[in-house]
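Numbering (this note's numbering), first residue to last: -11 to 429. Beta carbons are placed, not taken as given, at the ideal position from N, Cα and C, and that holds for glycine. In what follows, a structure is listed as structure tokens, so that the remarks can point back to it.
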């Protein structure tokens, strides 16, 4: 019996050493991976990937952020026979289709990377602008097909991979990196409206769009050349793999999705309607054409600064208060804007706060999503957002009672209330991560 006891003791000692060695190897492997990833975050390839993703956002999402210019141009004469809410559907269709195709494009990115997706995005973006240049006035179905449908179906092939590749490359400074990428859409929202407003009087609407198409093609080409990742192709085993909604089993993921849905219902109200509102506030205001570039420029700053502070204090810790503040700005400041100066101040402040929401939302979501499913589940997350952006802005437009400042008040209330409700839902999501709101999350 003594011999058996000694043998059992020796066997347990060997097993303990094996387990201990295995755990040590696992810890060492994790430390090596973390160290390697920390080094990768500062590598030239990582920063080139940010530059490439910035250019993709500039030339695709930036054009969508410029729709306020198209809205005003269409209302002024090109589509003067149609209601504001009908024209707004063109812009919201772009956003909705981009978010709806997100799950499929995200899964394709997880399988193949950016190699094939960027060319598809570039082709769709350029074809959309070129075909739009041949459309006729007061034939809104043509604008729907070219600007809404074609652009919306293909733009996700650029936008979704551009963000996901950065989410995989960066961990410690993820929010800042994703904020830098997202700021590309704000930069595009500043540059494209100014470019079009200067070119249209000189060379006409059609040729201005063709110049825009060439600009986008150049940006995509540079992005495709400089984005290098160690992505390993994993061909899809079946078509069902294109859709991954398993993230909705996590109640935190659900709360963030609902918060994003509610906030996006009213998010773009000021982006689309601040310029027409200014026209009724003061028809002679010289700043009117620059309100859209101003809100996008402020959003640019908010996305970068917000990304930096989100990495410092926690992404969710910054996300919900800035979303609430965006709603309060609409409810309090926009409603009381009785002169151009107050409206301009509102546009700048709202652009900054909403920019934080736009850039930090994906970073906050990605921290509860597995890396190997990042593209698919970030895409699935956008499914609810697609519905919100498609119906949200047209609903806001339909609430305009008449062409006057008081007539815009229902729109202002709607925009602010939905942003406020979204912020409250994001707060609930934060509490589900931990009740100590001082803890970094």
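- Apart from sequence neighbours up to five positions away, the residues of its chain that approach residue 416 with a beta-carbon distance below 7 Å are 243, ordered along the chain.
- Looking only at 152, 395, 238 and 288, the smallest Cα-Cα distance to residue 38 is reached by 152.
- Per the Cβ contact rule, the segment 334 to 348 is in contact with the segment 278 to 294 (3 or more Cβ pairs under 8 Å).
- The segment 138 to 215 is shown to contain whole alpha helix (DSSP H) runs of 4 or more residues at 139 to 157 and 162 to 214, in chain order.
- Excluding the 5 residues flanking it on each side, residue 344 has same chain C-beta neighbours closer than 6 Å at 290, 294 and 310, in chain order.
- Between the segment 96 to 113 and the segment 145 to 159 there are three or more C-beta pairs closer than 8 Å, enough to call the two in contact.
- Counting the other CB atoms within 10 Å of its CB gives residue 213 a total below 16, which places it among the exposed residues.
- Residue 113 and residue 142 have their C-alpha atoms roughly 7 Å apart.
- Here the C-alpha atom of residue 301 lies approximately 26 Å from the C-alpha atom of residue 36.
- Contact between the segment 122 to 134 and the segment 198 to 217 is not established, with fewer than three Cβ pairs separated by less than 8 Å.
- 407 is the residue among 407, 392 and 371 whose C-alpha sits nearest the C-alpha of residue 381.
- Rounded to whole angstroms, residue 184 and residue 120 show a C-alpha spacing of 14 Å.
- A Cβ-Cβ contact shorter than 8 Å links residue 247 with residue 410.
- Nearest in C-alpha terms to residue 171, of all of 342, 395 and 325, is 342.
- With fewer than three CB-CB distances shorter than 8 Å, the segment 190 to 199 does not count as touching the segment 81 to 98.
- The straight-line gap separating the alpha-carbon atoms of residue 126 and residue 377 is approximately 24 Å.
- Pairing residue 136 with residue 48 gives a Cβ-Cβ distance that is not under 8 Å.
- DSSP places residue 299 inside the alpha helix (DSSP H), whose first and last residues are 279 to 301.
- Distance check between residue 315 and each of 356, 375 and 402 places 402 closest, using alpha-carbon atoms only.
- The Cβ-Cβ distance between residue 366 and residue 347 does not fall below 8 Å.
- Here residue 55 really is in contact with residue 260; their C-beta atoms are around 7 Å apart, less than 8 Å.
- Residue 116 has its alpha-carbon roughly 19 Å from the corresponding atom of residue 93.
- Of the candidates 267, 352, 78 and 237, the residue whose Cα lies closest to the Cα of residue 138 is 78.
- Of the candidates 392, 254, 270 and 428, 254 places its Cα closest to the Cα of residue 379.
- In this structure, the CA atom of residue 421 is about 19 Å from the CA atom of residue 297.
- Between residue 72 and residue 375, the C-beta gap is not smaller than 8 Å, which leaves the two residues out of contact.
- Nearest to residue 400 by alpha-carbon distance, out of 350, 327 and 265, is 265.
- By the neighbour-count definition (other C-beta atoms within 10 Å, threshold 16), residue 65 is an exposed residue.
- Counting along the chain, the unbroken alpha helix (DSSP H) around residue 265 starts and ends at 257 to 269.
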